[in-house]
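Worksheet: one structure, shown below.
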């Protein structure tokens, strides 16, 4: 286990893990198989409501999209913690996939994702450096500006 | 292995595994690596033809999209059975990813996917509870209303 | 290890591995976890610039899209080699996911991906036969015509 607790790093940079929405029904927040944790697609929910709505490049600016990506990343961390109890067990952020609700002209999906990628690096150091997929889509559940899923390796 | 055979559950609810399209060429229906089976994206083919065509929220209703999701889920199960011979070897449905061919205004991608998620839960019980990603896209192969890929853990 | 070196096969068919862009910052080209390598989404960059730009079915033809898919596949192979040093260690191409920047009417995403799938089969033989997901999207980073990510199993 790391000596540094990722949750302490979050506190230092003024962030905290949001509460996870109670998973109900036929799917759940995250599933562990072997050493891998597959996290469900997370929307930028903060305190029970979507932080932004609409397409990046239209109703949502690049800066707002980036902030929303950080919120999704926090929700991903909450989901991982919900499943494995302690973020110190994370040994690697393996992959981040970002679907950005985009106007047809918007082509800066990578920049939107950077706020999520940078958060993982800050929180986990080199273990937070991940592979990444950034794509545009024409719409998302609840008209969210983006949705992020992730795969973590844990001990 | 489960005592209950997932195929018996399917029969009880009036469903059956479709025949799998013969895989040819440079890609295939599903690939096993370690304990994981990665299933190729499945379209709502039933008896050799697409059950519905077009965008959900436009040519295809939410209800039809949900039915199509169940058909995709059956095709996923067929692909898994084709690879591992016996669905009783499934130890967990790890992840379901759904790409919904959506009109720009359609934001109920999650509801469309529920018919697939619910089928996995019915067929595998708690082992069928999975992580999930639901996104909208502006078009799909053959103008299918949705495409589902999945990852299964097997013994 | 294979007796045949995948790089020799590439040379025989007149192709070569491009140089990989130096990974910097909080994400990287590819990450290894256990026996799996997750490769980041690759755009059709060739010698530092995008081979084609725009939507397949509009600014980019099916044939150009297919050529671009082969370029992405080469970039994927470069990323894998960068991580594991020797492509002879590849024991299976597990999955290829292709996001095709598509006009609303374009529904031949599968045909676009074939040039990537066929390359993997040529280079790795039966070990190159993979599971596959092909979807359309309304836009991509830098207005690339497609983006491909992949999972490889390595020894």
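Chains as they are written, first to last, in my numbering: chain B, 393 to 547; chain Z, 393 to 547; chain E, 393 to 547. Beta carbons: idealized from backbone N, C-alpha and C, even for Gly.
Point to revise | Length at least 4, wholly inside the segment 417 to 502 of chain B: the alpha helix (DSSP H) runs in chain order | key: 454 to 476
Review point. Going by alpha carbons, who is nearest to residue 515 of chain Z out of Z/479, Z/464, Z/441, Z/448?
Key: Here the question's residue 515 of chain Z lines up with position 123 in the second chain. Cα-wise, what sits closest to residue 515 of chain Z is Z/479.
Point to revise | Three-state secondary structure assigned by DSSP to residue 517 of chain Z | key: Translated into the one-based positions of the second chain, residue 517 of chain Z becomes position 125. In the structure shown, residue 517 of chain Z sits in a helix (DSSP, three-state: H, G or I).
Check your understanding: Along the chain, where does the beta strand (DSSP E) that runs through residue 539 of chain B open and close?
Key -> On the first chain, residue 539 of chain B is found 147 positions in, with the first residue counted as 1. Taken as a continuous stretch (DSSP letters only), the beta strand (DSSP E) holding residue 539 of chain B covers 538 to 546.
Practice item. Can you give me, in chain order, the residues of the segment 418 to 442 of chain E that have a beta carbon less than 8 Å from any beta carbon in chain Z? Key: 426, 427, 428
Review point. Given a limit of 7 Å on CB to CB distance, which residues of the segment 528 to 541 of chain Z reach chain E?
Key: 529, 530, 531, 532, 533, 534, 535, 539, 541
Check your understanding: Taking 8 Å as the CB-CB limit, is residue 521 of chain E close to chain Z?
Key -> Along the third chain, one-based indexing puts residue 521 of chain E at 129. Yes, contact with chain Z.
Check your understanding: What are the start and end residues of the beta strand (DSSP E) that includes residue 528 of chain E?
Key -> Against the third chain, residue 528 of chain E aligns to sequence position 136. Run containing residue 528 of chain E: 523 to 529, per the beta strand (DSSP E) assignment.
Check your understanding: How long is the line joining the alpha carbons of residue 481 of chain E and residue 399 of chain E, rounded to whole angstroms?
Key -> In the third chain, counting from the first residue as 1, residue 481 of chain E sits at position 89. In the third chain, counting from the first residue as 1, residue 399 of chain E sits at position 7. Taking C-alpha positions only, residue 481 of chain E is separated from residue 399 of chain E by approximately 12 Å.
Check your understanding: Taking the C-alpha atoms as reference points, what is the distance between residue 528 of chain Z and residue 395 of chain E?
Key -> In the second chain, residue 528 of chain Z corresponds to position 136, counting from 1. In the third chain, residue 395 of chain E corresponds to position 3, counting from 1. Whole-angstrom Cα-Cα distance: 44 Å.
Check your understanding: Would the beta-carbon of residue 430 of chain E fall within 8 Å of that of residue 523 of chain B?
Key -> Counting from 1 along the third chain, the entry for residue 430 of chain E is found at position 38. Counting from 1 along the first chain, the entry for residue 523 of chain B is found at position 131. Taking 8 Å as the Cβ cut-off, residue 430 of chain E and residue 523 of chain B qualify as a contacting pair.
Practice item. Could you tell me whether any Cβ in chain Z is nearer than 8 Å to the Cβ of residue 494 of chain E? Key: Numbered from its first residue, the third chain carries residue 494 of chain E at position 102. So yes, residue 494 of chain E belongs to the interface.
Review point. So residue 421 of chain E and residue 469 of chain E are in contact, right, with Cβ under 8 Å, and what is the actual spacing, rounded?
Key: Counted from its first residue, the third chain places residue 421 of chain E at position 29. Counted from its first residue, the third chain places residue 469 of chain E at position 77. Their Cβ separation, rounded to whole angstroms, is 11 Å, which puts residue 421 of chain E and residue 469 of chain E out of contact at 8 Å.
Exercise for review: Evaluate contact between the segment 499 to 508 of chain Z and the segment 460 to 467 of chain Z, counting only Cβ atoms and requiring at least three cross-stretch pairs below 8 Å.
Suggested key: yes
Exercise for review: Just confirm the distance between the C-beta atoms of residue 423 of chain B and residue 486 of chain Z, as a whole number of angstroms; I'd bet it's less than 8 Å.
Suggested key: By 1-based counting over the first chain, the position of residue 423 of chain B is 31. By 1-based counting over the second chain, the position of residue 486 of chain Z is 94. Sure, about 5 Å apart at Cβ, within 8 Å.
Point to revise | Assigned secondary structure, residue 506 of chain E (DSSP; H/G/I helix, E/B strand, else coil) | key: For the purposes of this step, residue 506 of chain E is taken as residue 114 along the third chain, with counting starting at 1. The answer is helix: DSSP assigns residue 506 of chain E an H, G or I state.
Review point. Roughly how many angstroms separate the alpha carbons of residue 537 of chain E and residue 526 of chain B, rounded to a whole number?
Key: Counting from 1 along the third chain, the entry for residue 537 of chain E is found at position 145. Counting from 1 along the first chain, the entry for residue 526 of chain B is found at position 134. Cα-Cα distance, rounded: 14 Å.
Exercise for review: Determine the DSSP secondary structure at residue 399 of chain Z, reduced to helix, strand or coil.
Suggested key: Mapped onto the second chain, residue 399 of chain Z falls at position 7. Taken through DSSP and simplified to helix, strand or coil, residue 399 of chain Z comes out as helix.
Point to revise | CB contact below 8 Å: residue 463 of chain B versus chain E | key: As a position in the first chain, residue 463 of chain B is number 71, starting the count at 1. Chain E, which has no Cβ nearer than 8 Å to the Cβ of residue 463 of chain B, makes this no.
Check your understanding: Where does residue 404 of chain B fall in DSSP's three states?
Key -> As a working note, residue 404 of chain B is residue 12 in the first chain. The answer is helix: DSSP assigns residue 404 of chain B an H, G or I state.
Check your understanding: Near residue 494 of chain B, which residues of its chain fall below 8 Å by C-beta distance, leaving aside the five closest residues on each side in sequence?
Key -> In the first chain, residue 494 of chain B corresponds to position 102, counting from 1. Here the set comprises 447, 448, 449, 501, 528, 529, 530.
Review point. List, in order along the chain, the chain Z residues whose C-beta lies closer than 9 Å to that of residue 509 of chain E?
Key: Taking the third chain and counting its residues from 1, one reaches residue 509 of chain E at position 117. What residue 509 of chain E touches in chain Z: 417, 418, 419.
Review point. Going straight from the alpha carbon of residue 497 of chain B to that of residue 532 of chain B, what length do you get?
Key: Start at 1 with the first residue of the first chain, and residue 497 of chain B comes out as number 105. Start at 1 with the first residue of the first chain, and residue 532 of chain B comes out as number 140. Going from the Cα of residue 497 of chain B to the Cα of residue 532 of chain B covers about 17 Å.
Review point. Of all the residues that make up the segment 464 to 485 of chain E, which are near chain Z by a beta-carbon distance shorter than 9 Å?
Key: 483, 484, 485
Exercise for review: Note down the Cα distance separating residue 491 of chain E from residue 491 of chain Z, rounded to an integer number of angstroms.
Suggested key: The count along the third chain starts at 1 and reaches residue 491 of chain E at position 99. The count along the second chain starts at 1 and reaches residue 491 of chain Z at position 99. Whole-angstrom Cα-Cα distance: 11 Å.
Practice item. Below 8 Å on the Cβ atoms is my guess for residue 511 of chain B versus residue 465 of chain B; work out the distance and round it to an integer in Å. Key: Position 119 of the first chain, counted from the first residue, corresponds to residue 511 of chain B. Position 73 of the first chain, counted from the first residue, corresponds to residue 465 of chain B. The pair is a contact, with the Cβ atoms about 5 Å apart (cut-off 8 Å).
**Study point:** Separation of residue 418 of chain E from residue 518 of chain E, as counted between CA atoms
**Key:** Mapped onto the third chain, residue 518 of chain E falls at position 126. Mapped onto the third chain, residue 418 of chain E falls at position 26. Whole-angstrom Cα-Cα distance: 35 Å.
Check your understanding: Mind checking whether residue 428 of chain E and residue 545 of chain E have CB atoms under 8 Å apart?
Key -> Position 36 of the third chain, counting from 1, holds the residue named residue 428 of chain E. Position 153 of the third chain, counting from 1, holds the residue named residue 545 of chain E. A contact, by the Cβ cut-off of 8 Å.
Point to revise | Contact set between residue 546 of chain Z and chain B, taken where Cβ atoms lie within less than 7 Å | key: As a working mapping, residue 546 of chain Z is identified with position 154 in the second chain. Here the premise fails: no neighbours, minimum Cβ distance about 10 Å.
**Study point:** Reduced DSSP category for residue 511 of chain E - H, G, I as helix; E, B as strand; rest coil
**Key:** Translated into the one-based positions of the third chain, residue 511 of chain E becomes position 119. Secondary structure of residue 511 of chain E (DSSP, three-state): helix.
Check your understanding: In whole angstroms, what separates the C-alpha of residue 403 of chain B from that of residue 409 of chain B?
Key -> Walking along the first chain from the start, residue 403 of chain B turns up at place 11. Walking along the first chain from the start, residue 409 of chain B turns up at place 17. Taking the straight line from one Cα to the other gives about 9 Å.
Check your understanding: Do you know offhand how far residue 407 of chain Z's Cα is from residue 401 of chain E's?
Key -> Along the second chain, one-based indexing puts residue 407 of chain Z at 15. Along the third chain, one-based indexing puts residue 401 of chain E at 9. If I take the Cα positions, the gap works out to 46 Å.
Review point. In three-state terms, what does DSSP make of residue 533 of chain Z?
Key: Counting from one through the second chain, the residue named residue 533 of chain Z turns up at place 141. Three-state result, residue 533 of chain Z: helix.
Review point. Exposed or buried, which one is residue 543 of chain B when buried takes at least 16 other CB atoms within 10 Å?
Key: As a working note, residue 543 of chain B is residue 151 in the first chain. Buried is the call here.
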